[in-house]
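When we follow the UniProt record's numbering, the leftmost residue of the sequence shown carries the number 1, and every step to the right adds one.
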Amino acid sequence: MSFSGTGAPRSSGDAGPGTPSGSARLIELDSLDCCSPTAVGAADTASRQYMTLLAAGGESTHRGGSGRATKVFNAYGEAFCLKSLLGASGSNADRRRSEAIFKGRAQAFREEYLAQRTVSGIEGWPATQGFGTYAGGPVILMDWVEGRTLRSVAPYLPRTTRYGMGVAAEWVASVGVRVLQILVAAQDRTSGFSHRDISPRNIMVRLDRYPLRDQLANGILDLVLIDLGSAASIDARQMDPNAAPDFTQQTNIWRNGTIEYAPPEMLTRDAPGVQVLRHSSKIDVYALCSVLYELYSGHTPYQLMEHADLSPYRVKCDYAPINVPPRESGDKGLLDCLLAGLAAAQGARPSISDLKETLWHWLSDRAPAMAQSLAERPPRVMYAPPAHDLRLVPTPHDAGGLRGTDSRLPETIERRMR
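Right, dumping it as structure tokens:
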């Protein structure tokens, strides 16, 4: 096994992008329905903690296709992620259509919060503080996960020295078991939950608690599943009395996951029973096995980007994944697990619990110490969200020492943020 630390992702102890020093922007939320358990019976304290925030410029804001995530800080130097939707744009007919789409996306955004709320407090999921409004638009306030995506960390994972293309088989299995432990922990709390967009970009490796070098030495990565914009939660829908009975059909907004990793049922609108199929945790089984397949082989199961003229749905239904021979004789058991999870028919895939057990048993034969580390450190359940959110509104003292800091951070606050 080999690992080169040169150029490896840095921990939060290093001064890097997003570290606020210098100019900052004051953000005062209009309102916040707070789900943090610490807010119960302490509305004034929670208001000071969450309602007035500072956002640094530059690389602390990340923009996606429909929204942006901004790293913000409160007066105590605590870091959060403020996620917001991009507004309607254009003019006349285009603007009217854009506004209609925005309204549907705003409802989907609310569902994202409720889904995230159901798993808040479980290690491996971002802790969520609440859902509110800022400048008239909806926002979600959650913990900022300090780290790097699995996509960016993968090149630094150990590899078998004879083969440079893929990650070592035992590390592929370790990543798989850890993600499955996180998914099982969510299933244990909820009536039914699926992330529905697992990909290398939506799996974060936390670097604020343990440096990557220590995680590699311990045989277990500190993983967090992020971006719950496609998540489906039965509990979340039951929490919202205004939720439409069939959101996708009503708004015609289809949350498809990431094409290279998504199963066939997430890539079609008209397959028989697709509405039921799209609420199964076996969606996550397929997506995770696609990620693990890529870690092992160095490419995705179908390399769809090279076949843009073909229907991804038809390709995944009609063809087997690209054949990857085992690098070592013992790897066949691992590949068999992954191929079972990549079955086109949802019913043919193992459950998340069964896949976790199968991968763990394979790993316990291949690398007993790594398997033992995973068994001894299941995701912790740190708290359960309160039954009801607490409505917070701005009060005159919320800004405290932050007001008037649009141009420069006070030195005492800047020190806390470093």
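In this text, a Cβ means the ideal position worked out from N, Cα and C, and glycines have one as well.
Note that the coordinates shown come from a computational prediction; the quantities given were computed from them, not determined experimentally.
Quiz prompt | Proximity to Ser-311 [Cα-Cα], best of Pro-386, His-388, Arg-269, Leu-141 | solution = Arg-269
Quiz prompt | Spatially closest choice to Arg-209 from Tyr-156, Gly-147, Ser-120, Leu-359, by CA coordinates | solution = Gly-147
Exercise. Assign Asn-202 to buried or exposed, taking buried as 16 or more other Cβ atoms, counted over all protein chains shown, within 10 Å of its Cβ.
Key: buried
Practice problem: Tell me whether Asp-197 sits in a helix, a strand or coil according to DSSP, three-state version. | Solution: coil
Quiz item: Taking just the CA atoms, how far does Met-165 sit from Pro-325?
Solution: 13 Å
Quiz item: Where Leu-53 and Lys-103 are concerned, what is the direct C-alpha to C-alpha distance, given to the nearest angstrom?
Solution: 26 Å
Quiz item: Quick one, which of Trp-362, Thr-300, Arg-380, Cys-289 has its alpha-carbon nearest Arg-349's?
Solution: Cys-289
Quiz item: By a C-beta neighbour count over all protein chains shown, 10 Å radius and 16 as the cutoff for buried, is Ala-387 buried or exposed?
Solution: exposed
Quiz item: Do the segment 375-387 and the segment 122-132 touch if we need at least three Cβ pairs shorter than 8 Å?
Solution: yes
Quiz item: Val-72 bridges to which residues according to DSSP?
Solution: Ala-55, Phe-80
Quiz prompt | Anticipated Cβ contact below 8 Å, Ser-84 with Val-139, distance rounded | solution = 5 Å
Self-check item: Leu-342 - DSSP class collapsed to helix/strand/coil
Solution: coil
Quiz item: For Thr-258, which beta-bridge partners are listed by DSSP?
Solution: For Thr-258, which the question treats as bridged, DSSP gives no partner whatsoever.
Quiz prompt | Boundaries (first-last residue) of the beta strand (DSSP E) holding Gly-192 | solution = Careful: Gly-192 lies outside any beta strand (DSSP E) and carries neither H nor E.
Practice problem: Return yes when the Cβ of Gly-219 is within less than 9 Å of the Cβ of Ala-46, no when it is not. | Solution: no
Quiz item: How would you call Ala-168, buried or exposed, if buried means at least 16 neighbouring beta carbons within 10 angstroms?
Solution: buried
Exercise. Please classify Pro-272: is it buried, with 16 or more other beta-carbons within 10 angstroms of its beta-carbon, or exposed?
Key: exposed
Exercise. Would you list the residues sitting across from Pro-138 in a DSSP beta bridge?
Key: Thr-133
Quiz item: Under 9 Å, do Pro-264 and Cys-337 count as touching if we go by C-beta distance?
Solution: no
Quiz item: Can you pull the DSSP bridge partners for Arg-205?
Solution: What sits at residue 205 in the sequence shown is Val, not Arg. BP columns for Val-205 point to Arg-148, Leu-223.
Practice problem: Classify Val-381 as helix, strand or coil using the three-state DSSP reduction. | Solution: strand
Quiz item: Mind checking whether Ser-152 and Cys-35 have CB atoms under 9 Å apart?
Solution: no
Quiz item: Considering only residues of the same chain and omitting the five flanking positions on each side of Ser-199, which have a CB-CB separation below 6 Å?
Solution: Thr-258, Tyr-261
Quiz item: Could you give the C-beta distance for Asp-33 and Asp-309, rounded to a whole number, given that I count them as a contact under 8 Å?
Solution: About 46 Å; that fails the 8 Å criterion.
Quiz item: Are residue 419 and Ala-108 touching if we call contact CB-CB under 9 Å?
Solution: The chain is shown from 1 up to 418; residue 419 falls before or after that span and cannot be answered.
Quiz item: Is Glu-99 helix, strand or coil by DSSP?
Solution: helix
Quiz prompt | Helix, strand or coil at residue 420 according to DSSP, with G and I counted as helix | solution = Outside the shown range of the chain, which is 1 to 418, sits residue 420, and nothing can be said about it.
Quiz item: Straight-line CA distance for Leu-334 to Trp-362?
Solution: 7 Å
Practice problem: Use the C-beta contact count for Gln-303: other C-beta atoms within 10 angstroms, 16 or more gives buried, fewer gives exposed. | Solution: exposed
Quiz item: In the DSSP assignment, what are the bridge partners of Leu-183?
Solution: For Leu-183, which the question treats as bridged, DSSP gives no partner whatsoever.
Practice problem: Please classify Ile-122: does DSSP put it in a helix, a strand, or coil? | Solution: strand
Exercise. Assuming Asp-143 contacts Phe-80 (C-beta within less than 8 Å), just tell me the rounded distance between them.
Key: 6 Å
Quiz prompt | For Thr-300, three-class secondary structure by DSSP | solution = coil
Quiz item: What's the gap between the Cα of Gly-341 and the Cα of Tyr-293?
Solution: 10 Å
Quiz item: So what's Ile-317 in DSSP terms, helix, strand or just coil?
Solution: In the sequence as displayed, the identity of residue 317 is Cys instead of Ile. If DSSP states are grouped into helix, strand and coil, Cys-317 belongs with the helices.
Exercise. Look at Ile-352 and Val-285 and say whether their C-beta atoms are less than 9 Å apart.
Key: yes
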